[in-house]
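Structure first, commentary second.
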Amino acid sequence: MKLHTAMKVNRISDEIWEIPVTQKPGMLVPARIYGTESILQAMDTGVFEQVTNVACLPGIRRYALCMPDGHWGYGFPIGGVAAFDVRSGIISPGGVGYDVNCGMRLIRTDLTLAEVQPRLDLLMTELFRRVPAGVGASGFVSMDRPSFDRVMTKGARWCIEQGYGWHRDLERIEQGGCLPGADPSKVSDHAVQRGMNQLGTLGSGNHYLEVQVVSNDRIFDPETAAAFGITGQDQIVVMVHCGSRGFGHQVAGDYLKVFEKAMRRHGIAVKDQQLACAPFLSEEGQDYFSAMNCAANTAFANRQVITHQIRQAFAAVFGRSAEEMGMELVYDVAHNIAKVERYPEGELVVHRKGATRAFGPGSQDLPACYQSVGQPVICGGSMETGSYLLVGTTRATDETFGSTMHGSGRTMSRTQAKKSIRGEQLQQQMKQRGILVKAVSMSGLAEEAGFAYKNISEVVESVDRAGITKKVAELRPIGNIKG
Amino acid sequence: MPASFRFLDDVALADLAFDAEGDTVQEVFEAASQAVMEAMADPETVGAIWTRRAEHAGSDLAELLFDWLSGIVYWKDAAGVVFSRVAISVTQAGAEWRLAATLTGEPVNRATQELRNDVKGVTKHLYRLHQDNGRWRVRVVLDV
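Top line first, the protein sequences correspond to chains H and P. Per my numbering, residue 35 is the first one in the first sequence, and the count goes up by one each step. Per my numbering, residue 14 is the first one in the second sequence, and the count goes up by one each step.
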């Protein structure tokens, strides 16, 4: 087997690979990578280096993990999962990601492709108008500092209080859309100034709003799908991928600087500057955790305001209320986050960076409606291929700190993708294939071409076979909005 | 040789990397600033009705450039603008470097500007400012 590393990699099973602690000085636990042999062979050198760097961080428990959609990231690999003891372990912005609480949201409808297709152009135009995207976009919610402080502490709950959504939405958001311990006094003025006008905006890069269709032949688990409100019959659903925008980035950047100094004081050495960290219970660690929770809550609020705008757009185009069209939330889940969770080892600070929480049936953290089936897991593919709805398993809880994949992962740089195709050409090609795209930036659109991404189906198959999530349905795009 | 920058094909797949260089410290600062501005919008399509003057000082030249480039990204979000030009002066007084700059641009306008990436920040990944055969060079990865 030819890999992009000289390290010894042992096969644990067809979908689990382990790098022993002997492969790098300072490793405290082994590193484990999930994926088929072909996925492992395609992984870049960065994954092997970074996941073993993570295995050296103080207080790490069990394994440093990487999911099959893993690739190089800042500090941790994208797809990285690591859990640290609350008392002896660290917290690191490099294990959360710059876009704090970047995540996925899925909204179901009772509408069918036959009903939506004739008005798809109008619908996408209306969505494009109501959900600002791209460089410097500002949202419709006017915000002053006291209001933004409440967004930081209340998250999606603030939106519901303002009328941007339904109260029952909250139970279908990870942790009710509001992480405790958010303290706005730990957030810099720079971060606030960057974030205050961005509520309800998508951003750019790989963020999107997508109208999708679920056909009967792409439902793999009808019983679980039904519990999630997914019934097939060419059903229309809407997926949103975005996070805390410039606000979260500023929080991460601010605390990386704080942690660079704090590490010297706490006597911590790391293999990579972007793994800067502090003991979780130190003043710096707690300050970052409070600020990160502010950014995470803002991201939940961002996706909630966008959901309100999506419901308004559908109501305007189809002349019926969102309730009448059954536009219920399926779920909202973060894939860039650090949270304190309880495992057999005790309380751990679980970092998921480009990895999704995937709790199985019976978890106390799930709402009553999902107790018997497990948590919905939403994984976005490229805008040309499709996305997946999966379900968490008890095996994930046991093996991967309740974590799984988050998307497909890039295989080509943005600069190279732009050289391969023009945005206008891609937009036309996708239209011919029945996918209507509205984009602020044509060069940004070219960067997101399907050929720049891995095949998501292979990644999904590998987590399904590993048993850390199970396939529920495939979602095919028919309309996409990009920044 | 004139100051220049180029975006890189094979570095940081999910983000945007560039190399900038110049004969002087001021030139490499100018080239890197131009790259950040062009990553966000085509300056040729951006007007000049918004200006902001900034001053930074420090003994670490690489940190000075990092903070300045991060400042360009900050103003994009805080003022909702993109940029058409920048004038920079970098001087040395003893151990301290001083930067004085004027950013010019206009509020984001989808109808008239060629908008590109919504850059979220400057990162320290592969970040290195150095002098090589008398030429100043820096590699920067922007998080998009």
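Yeah, the Cβ is synthetic: ideal placement off N, Cα and C, and Gly gets one too.
Original post:
What residues are listed by DSSP as bridge partners for H/Glu381?
Top reply: Here the question's residue 381 of chain H lines up with position 347 in the first sequence. For H/Glu381, which the question treats as bridged, DSSP gives the partners H/Arg376.
Original post:
Under the three-state reduction of DSSP, which class applies to H/Asn336: helix, strand or coil?
Top reply: Here the question's residue 336 of chain H lines up with position 302 in the first sequence. If DSSP states are grouped into helix, strand and coil, H/Asn336 belongs with the helices.
Original post:
When the cut-off is 8 Å and only beta carbons count, does H/Tyr289 lie next to chain P?
Top reply: Taking the first residue of the first sequence as 1, we reach residue 289 of chain H at position 255. No - not a single Cβ of chain P is within 8 Å of the one on H/Tyr289.
Original post:
Who are the near neighbours of H/Trp200 in its chain, counting only those whose CB is closer than 6 Å to its CB and skipping five residues on each side?
Top reply: If you number the first sequence from 1, residue 200 of chain H lands on position 166. Closer than 6 Å at Cβ, skipping near neighbours: no residue.
Original post:
Taking C-beta to C-beta, are P/Gly71 and P/Glu109 nearer than 8 Å?
Top reply: Counting from 1 along the second sequence, the entry for residue 71 of chain P is found at position 58. Counting from 1 along the second sequence, the entry for residue 109 of chain P is found at position 96. Going by C-beta atoms, P/Gly71 is nearer than 8 Å to P/Glu109.
Original post:
Along chain H, which residues have their Cβ under 7 Å away from the Cβ of P/Ala75?
Top reply: Numbered from 1 along the second sequence, position 62 holds the residue referred to as residue 75 of chain P. Result: empty, since nearest Cβ-Cβ is about 12 Å, beyond 7 Å.
Original post:
Interface residues of chain H around P/Leu82 at Cβ under 8 Å?
Top reply: Indexing the second sequence from 1 puts residue 82 of chain P at position 69. Within 8 Å Cβ-Cβ: nothing; P/Leu82 doesn't reach chain H, min ~11 Å.
Original post:
Just how far apart, CA to CA, sit P/Gly93 and P/Val86?
Top reply: Start at 1 with the first residue of the second sequence, and residue 93 of chain P comes out as number 80. Start at 1 with the first residue of the second sequence, and residue 86 of chain P comes out as number 73. Their backbone Cα atoms lie some 10 Å apart in a straight line.
**OP:** Determine, using beta carbons only, whether P/Gly60 comes closer than 8 Å to chain H.
**Re:** The residue labelled residue 60 of chain P in the question sits at position 47 within the second sequence. It does not: the Cβ of P/Gly60 has no partner Cβ on chain H nearer than 8 Å.
**OP:** Identify each residue in the region 101-121 of chain H for which the Cβ-Cβ distance to at least one residue of chain P is less than 9 Å, and report them in chain order.
**Re:** His105, Trp106, Gly107, Tyr108, Gly109 and Ile112
Original post:
Got a sec: is the Cβ-Cβ distance from P/His32 to anything in chain H below 8 Å?
Top reply: Within the second sequence, residue 32 of chain P is the residue found at index 19, counting from 1. Before going on, a small fix: residue 32 of chain P reads as Asp here, not His. By this cut-off, P/Asp32 is not an interface position.
Original post:
Can you name, in chain order, every residue of its own chain whose Cβ lies under 6 Å from the Cβ of H/Ser122, other than the five neighbours on each side?
Top reply: As a position in the first sequence, residue 122 of chain H is number 88, starting the count at 1. Gly93, listed in sequence order.
Original post:
Would DSSP call H/His342 helix, strand or coil?
Top reply: As a first step, residue 342 of chain H must be located in the first sequence, where it is residue number 308. Correct three-state label for H/His342: helix.
Original post:
Skipping 5 residues on each side, what residues in its chain have a beta carbon closer than 7 Å to that of H/Asp78?
Top reply: Taking the first residue of the first sequence as position 1, residue 78 of chain H is located at position 44. Here the set comprises His38, His105 and Trp106.
Subject >> CB contact check: H/Met446 to chain P, cutoff 8 Å >> reply: Here residue 446 of chain H refers to the residue found at position 412 of the first sequence. By this cut-off, H/Met446 is an interface position.
Subject >> H/Gly413 (DSSP reduced to helix, strand or coil) >> reply: For the purposes of this step, residue 413 of chain H is taken as residue 379 along the first sequence, with counting starting at 1. Here residue 413 of chain H turns out to be Cys, not Gly, going by the sequence shown. Three-state DSSP puts H/Cys413 in a strand.
Original post:
Using 8 Å as the threshold, is the region 246-257 of chain H in touch with the region 502-517 of chain H, meaning 3 or more CB pairs across them?
Top reply: yes
**OP:** Could you confirm whether any beta carbon from chain P is found closer than 8 Å to the beta carbon of H/Val471?
**Re:** For this step, residue 471 of chain H is matched to residue 437 along the first sequence. Chain P, which has no Cβ nearer than 8 Å to the Cβ of H/Val471, makes this no.
Original post:
In this structure, what does DSSP give as the bridge partners for P/Glu20?
Top reply: Here residue 20 of chain P is taken as the residue at index 7 of the second sequence, counted from 1. What sits at residue 20 of chain P in the sequence shown is Phe, not Glu. According to DSSP, P/Phe20 bridges with P/Phe31.
Original post:
Are the Cβ atoms of H/Ser605 and H/Tyr68 separated by less than 8 Å?
Top reply: As shown, chain H starts at 35 and ends at 517. That puts residue 605 of chain H outside it, with no answer to give.
Original post:
With 16 as the cutoff for other CB atoms within 10 Å, does H/Gln227 come out buried or exposed?
Top reply: Looking up residue 227 of chain H in the first sequence gives position 193. So H/Gln227 counts as buried.
**OP:** Please determine, among H/Gln450, H/Ala40 and H/Ala259, the residue with the shortest C-alpha to C-alpha distance to H/Lys505.
**Re:** Within the first sequence, the letter at position 471 stands for residue 505 of chain H. Here the closest residue by C-alpha is H/Ala259.
Original post:
Using the beta-carbon of each residue, which ones in chain H are nearer than 7 Å to P/Thr136?
Top reply: Taking the second sequence and counting its residues from 1, the one referred to as residue 136 of chain P is at position 123. Correct list: Tyr108.
**OP:** Determine the direct distance from the alpha carbon of P/Asp32 to that of P/Ala45, and round the result to whole angstroms.
**Re:** To locate residue 45 of chain P, count along the second sequence from 1; it is residue 32. To locate residue 32 of chain P, count along the second sequence from 1; it is residue 19. Using only the alpha carbons, I get a separation of about 8 Å.
Original post:
Within this structure, are the beta carbons of H/Arg179 and P/Leu29 separated by less than 8 Å?
Top reply: As a first step, residue 179 of chain H is located in the first sequence; it is residue number 145 there, counting from the start. As a first step, residue 29 of chain P is located in the second sequence; it is residue number 16 there, counting from the start. No, Cβ-Cβ distance for H/Arg179 and P/Leu29 is not below 8 Å.
**OP:** Identify, in the order they occur along the chain, each residue of the same chain with its Cβ nearer than 8 Å to the Cβ of P/Ala25, setting aside the five sequence neighbours on each side.
**Re:** Within the second sequence, residue 25 of chain P is the residue found at index 12, counting from 1. These residues qualify, in order along the chain: His138, Leu139 and Val154.
Subject >> Local conformation of H/Arg142 per DSSP, three classes >> reply: The sequence position of residue 142 of chain H within the first sequence is 108, counting from 1. Here H/Arg142 sits in strand by DSSP.
Original post:
Touch check for the region 260-271 of chain H and the region 143-157 of chain H: three-plus C-beta pairs under 8 Å?
Top reply: yes
Original post:
Taking the alpha carbon of P/Thr117 as the point to measure from, which residue in P/Gly147, P/Trp88, P/Ala61 and P/Arg129 has its own alpha carbon closest?
Top reply: As a working note, residue 117 of chain P is residue 104 in the second sequence. Nearest of P/Gly147, P/Trp88, P/Ala61 and P/Arg129 to P/Thr117, Cα basis: P/Ala61.
**OP:** Confirm the yes/no value for this check: CB of H/Ala89, any heavy atom of the ligand HEM, distance under 7 Å.
**Re:** This structure simply doesn't include the ligand HEM, nor any ligand for that matter.
Original post:
Under 8 Å between C-beta atoms, does H/Tyr132 make it to chain P?
Top reply: Along the first sequence, read from residue 1 onward, the residue named residue 132 of chain H stands at position 98. At least one chain P Cβ lies under 8 Å of H/Tyr132.
Original post:
CB-CB under 8 Å to H/Met177, same chain, minus the five flanking residues each way: which ones, in chain order?
Top reply: Within the first sequence, residue 177 of chain H is the residue found at index 143, counting from 1. So the qualifying residues of the chain are Val185, Met230, Asn231 and Leu233.
Original post:
Can a CB atom of chain P be found closer than 8 Å to the CB of H/Ser176?
Top reply: On the first sequence, position 142 is the one that residue 176 of chain H refers to. H/Ser176 does not count as touching chain P.
Subject >> P/Ala106 to P/Lys133 span [Cα, whole Å] >> reply: In the second sequence, counting from the first residue as 1, residue 106 of chain P sits at position 93. In the second sequence, counting from the first residue as 1, residue 133 of chain P sits at position 120. Each residue's alpha carbon lies about 32 Å from the other.
Original post:
Looking at H/Leu236 and H/Ala6, is the spacing between their C-beta atoms short of 8 Å?
Top reply: In the structure as shown, chain H starts at 35 and stops at 517, and residue 6 of chain H therefore has no counterpart that could be examined.
Original post:
Thinking C-alpha only, which one of H/Pro127, H/Cys90 and H/Gly420 is nearest H/Asp321?
Top reply: Residue numbering aside, residue 321 of chain H sits at position 287 when the first sequence is read from its first letter. Checked all of H/Pro127, H/Cys90 and H/Gly420; the closest Cα to H/Asp321 is H/Pro127.
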